[in-house]
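In UniProt numbering, the protein residues as written are 1 to 645. Right, one structure below, let's go through it.
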């Protein structure tokens with residue numbers, strides 16, 4: 001079975017997770033105290049008591065604030081997740097994984113197996129333990145492909161768990177506890193969807209950590225980082241579109257929207273870095289392209305910054321993130337002006353042959369046309385190029401200074417030397433370029449350079465998770481095929497029927513595989529006498545389990561019986577008695593056992609009747625899966641897959 005990485009390996013990261021967990025426990029304790037104090041505050045009419053409680057509340061709240069700040073500092077330990085390469089890349093923002101509590105399913109699942117499936121619960125202890133071990137391992141996935149596969153495997157296994165053990169009307173009675181990935185605030189719910197959503201969130205978070213670890217000074221590293229951030233965006237987007245009413249803030253639509261945009265911006269930044277690696281040094285068009293790529297990065301980070309400062313998100317996102325995103329938007333705006341200046345001042349003026357191409361690129365380069373001479377003159381006159389280049393550098397330097405100023409406002413970011421280095425390096429580079437092209441005899445007022453039109457040659461993709469890449473076998477497949485043996489179906493206790501073969505055989509028609517269905521019973525035949533009914537499923541023949549058996553196997557077992565007859569075990573689905581049953585089964589099977597096709601309204605109604613409706617959330621998944629074989633044979637026809645015995 002797959003393993004998580006050793007949760008106790010004393011790496012930087014596990015120390016970080018242990019501190020997170022410890023702070024989470026303290027936050028839990030404070031939250032409990034706060035809840036108690038709030039209840040008392042509401043309940044008491046005694047003025048003196050109210051005052052004391054109010055004091056207690058303010059104390060608890062300030063404690064919570066401090067704990068949250070400490071947690072924020074941990075979440076900003078971006079460098080723990082960064083790579084160790086020598087070359088400096090701007091840090092990326094990775095997300096911490098959501099933590100969860102251990103879950104003991106042994107008793108609830110054993111009970112359900114004996115109540116619902118009529119099987120000995122104790123016989124399934126091995127399967128239940130295997131499932132619990134898988135859950136335990138996925139709490140600490142390694143930060144690589146194997147860790148992702150582990151989370152995917154568990155996520156896919158939850159589909160089976162849901163179909164087997166979560167009936168639409170009844171709760172299993174276990175709570176899934178998960179902590180918010182940023183604030184550490186705990187939430188719990190009975191709905192399995194909360195577990196699914198949290199695992200999906202962690203798939204996204206793990207992608208962000210893998211992306212932030214890559215060595216972005218090389219092309220393969222950059223491509224891997226792009227892939228990882230695109231997949232992270234896909235996971236958060238999938239979560240946003242397929243799950244609703246999340247109980248924790250990190251999975252609210254507003255937060256997920258922000259995370260998708262943040263990941264897209266990080267992809268765009270990697271695309272810019274890729275261009276800097278691939279571009280020819282002194283090529284005018286390549287420098288223009290770099291300036292436009294930088295303007296595009298600035299654009300997407302501005303959007304992320306707007307999203308982070310909206311009402312529902314502002315108090316929740318770590319200040320260091322908001323600052324970092326703001327710093328990056330200013331930094332890349334500066335770079336766009338810097339590369340515009342380099343294109344104008346360091347690249348040779350256009351030859352007659354290149355002029356048309358250069359002109360075409362330059363027409364679309366600025367947001368508004370620069371003042372002064374016509375494009376043609378501008379492009380061929382070194383002095384005019386220097387003037388405009390100088391204006392771009394002036395703007396670049398202003399933006400570099402703004403980026404450094406904002407960076408200085410955040411205590412946590414000030415500790416991040418890497419970012420500091422990158423900003424001051426870029427600033428110095430622009431300054432030295434400026435002094436290089438600045439002539440003492442310049443008497444003209446340096447104009448205001450227009451902004452650069454954002455443009456990218458590689459649009460970020462939001463890559464949805466591909467769950468089918470990790471194949472899993474239903475751990476509980478011994479319970480029988482899901483088309484019949486599922487949480488939503490009910491059946492009468494199994495019956496054992498003794499059958500003797502008459503002159504015309506047993507007197508029934510059979511259809512289908514796993515489990516084989518009794519499609520018709522001939523009146524007055526042996527089967528009718530023995531009490532077999534149309535719509536019964538054959539689950540055993542002479543004590544041999546046949547739930548998964550193919551049509552031919554069951555027929556073979558029946559044919560090989562001698563004088564003493566045969567003992568057949570059958571079950572009847574509740575609500576499926578009578579001649580209509582077979583058609584119902586046909587319809588049900590051809591529509592397939594869809595991936596959790598829960599109808600939102602119905603499940604909501606049934607939940608409203610259950611007690612704590614407010615703590616439950618109905619998370620529905622929309623997806624279909626079709627059954628392999630076709631059962632669309634009308635009852636009257638004795639087709640190839642139905643025969644008389």
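We put the CB at the ideal spot given by N, CA and C, even for glycine.
Closest residue to residue i among the options (Cα-Cα distance)
{"i": "residue 335", "options": "430, 526, 306", "result": "430"}
{"i": "residue 19", "options": "99, 439, 555, 30", "result": "99"}
{"i": "residue 176", "options": "435, 387, 246", "result": "246"}
{"i": "residue 350", "options": "330, 340, 378, 374", "result": "378"}
{"i": "residue 312", "options": "332, 347, 184, 251", "result": "251"}
{"i": "residue 369", "options": "566, 448, 256", "result": "448"}
{"i": "residue 544", "options": "47, 244, 558, 154", "result": "558"}
{"i": "residue 242", "options": "219, 197, 298", "result": "197"}
{"i": "residue 140", "options": "184, 203, 500, 171", "result": "203"}
{"i": "residue 297", "options": "467, 29, 508, 459", "result": "459"}
{"i": "residue 372", "options": "174, 510, 446, 339", "result": "446"}
{"i": "residue 28", "options": "179, 438, 527, 507", "result": "179"}
{"i": "residue 257", "options": "270, 238, 269", "result": "238"}
{"i": "residue 279", "options": "240, 320, 47, 219", "result": "219"}
{"i": "residue 310", "options": "397, 509, 255, 494", "result": "255"}
{"i": "residue 514", "options": "547, 314, 21, 526", "result": "547"}
{"i": "residue 293", "options": "437, 277, 114", "result": "277"}
{"i": "residue 109", "options": "48, 174, 420", "result": "174"}
{"i": "residue 456", "options": "240, 364, 396, 501", "result": "364"}
{"i": "residue 402", "options": "50, 36, 331, 169", "result": "331"}
{"i": "residue 284", "options": "305, 348, 267, 320", "result": "348"}
{"i": "residue 422", "options": "354, 195, 328, 385", "result": "328"}
{"i": "residue 143", "options": "169, 263, 96", "result": "96"}
{"i": "residue 417", "options": "262, 89, 51", "result": "89"}
Start-to-end residues for the beta strand (DSSP E) that takes in residue i
{"i": "residue 177", "result": "176 to 179"}
{"i": "residue 187", "result": "186 to 189"}
{"i": "residue 496", "result": "495 to 499"}
{"i": "residue 537", "result": "536 to 541"}
{"i": "residue 510", "result": "508 to 511"}
{"i": "residue 569", "result": "566 to 572"}
Residue i vs residue j beta-carbon contact at 7 angstroms
{"i": "residue 92", "j": "residue 232", "result": "no"}
{"i": "residue 521", "j": "residue 551", "result": "no"}
{"i": "residue 145", "j": "residue 470", "result": "no"}
{"i": "residue 487", "j": "residue 41", "result": "no"}
{"i": "residue 154", "j": "residue 199", "result": "yes"}
{"i": "residue 209", "j": "residue 318", "result": "no"}
{"i": "residue 132", "j": "residue 151", "result": "no"}
{"i": "residue 367", "j": "residue 451", "result": "yes"}
{"i": "residue 222", "j": "residue 274", "result": "yes"}
{"i": "residue 518", "j": "residue 539", "result": "no"}
{"i": "residue 566", "j": "residue 499", "result": "yes"}
{"i": "residue 375", "j": "residue 433", "result": "no"}
{"i": "residue 484", "j": "residue 156", "result": "no"}
{"i": "residue 37", "j": "residue 49", "result": "no"}
{"i": "residue 396", "j": "residue 338", "result": "yes"}
{"i": "residue 475", "j": "residue 130", "result": "yes"}
{"i": "residue 489", "j": "residue 419", "result": "no"}
{"i": "residue 527", "j": "residue 505", "result": "no"}
Closer than 7 angstroms to chain B by CB, residue i
{"i": "residue 363", "result": "Any reference to chain B falls outside this structure, which holds one protein chain only."}
Extent of the continuous alpha helix (DSSP H) to which residue i belongs
{"i": "residue 525", "result": "Segment: none, residue 525 is in no alpha helix (DSSP H) and carries neither H nor E."}
{"i": "residue 300", "result": "284 to 308"}
{"i": "residue 108", "result": "106 to 116"}
{"i": "residue 208", "result": "192 to 213"}
{"i": "residue 339", "result": "319 to 346"}
{"i": "residue 229", "result": "219 to 242"}
{"i": "residue 276", "result": "253 to 278"}
{"i": "residue 556", "result": "551 to 559"}
{"i": "residue 649", "result": "There is no way to answer for residue 649, as the model of the chain reaches only from 1 to 645."}
{"i": "residue 312", "result": "311 to 314"}
{"i": "residue 415", "result": "First-last for residue 415: undefined, no H or E at that position."}
Whole-number beta carbon distance between residue j and residue i, since they are thought to touch under 8 angstroms
{"i": "residue 182", "j": "residue 316", "result": "7 angstroms"}
{"i": "residue 265", "j": "residue 454", "result": "About 12 angstroms; that fails the 8 angstroms criterion."}
{"i": "residue 496", "j": "residue 562", "result": "Not a contact, Cβ separation roughly 19 angstroms."}
{"i": "residue 236", "j": "residue 271", "result": "That pair is no contact at about 19 angstroms."}
{"i": "residue 192", "j": "residue 161", "result": "7 angstroms"}
Can you find at least 3 beta carbon pairs, one from the stretch 402 to 414 and one from the stretch 322 to 340, that sit closer than 8 angstroms? Taking 8 angstroms as the limit for Cβ pairs, the verdict is that the stretch 322 to 340 does touch the stretch 402 to 414.
Check whether the stretch 448 to 464 and the stretch 227 to 242 touch, using three or more Cβ-Cβ pairs below 8 angstroms as the test. Contact between the stretch 448 to 464 and the stretch 227 to 242 is present: three or more C-beta pairs spanning the two stretches fall below 8 angstroms.
Could you say if the stretch 338 to 358 and the stretch 388 to 400 meet the contact criterion of at least three C-beta pairs nearer than 8 angstroms? The answer is yes - the stretch 388 to 400 touches the stretch 338 to 358, with three or more Cβ pairs under 8 angstroms.
Is it true that the stretch 348 to 363 meets the stretch 278 to 292, where meeting means three or more beta-carbon pairs spaced less than 8 angstroms apart? Contact holds: three or more Cβ-Cβ distances are below 8 angstroms.
Are the stretch 476 to 493 and the stretch 110 to 130 touching by the rule of at least three beta carbon pairs closer than 8 angstroms? Touching, per the Cβ criterion.
Spell out a yes or no on whether the stretch 103 to 111 and the stretch 209 to 228 are touching, meaning 3 or more CB-CB pairs, one atom from each, closer than 8 angstroms. No, the stretch 103 to 111 does not touch the stretch 209 to 228.
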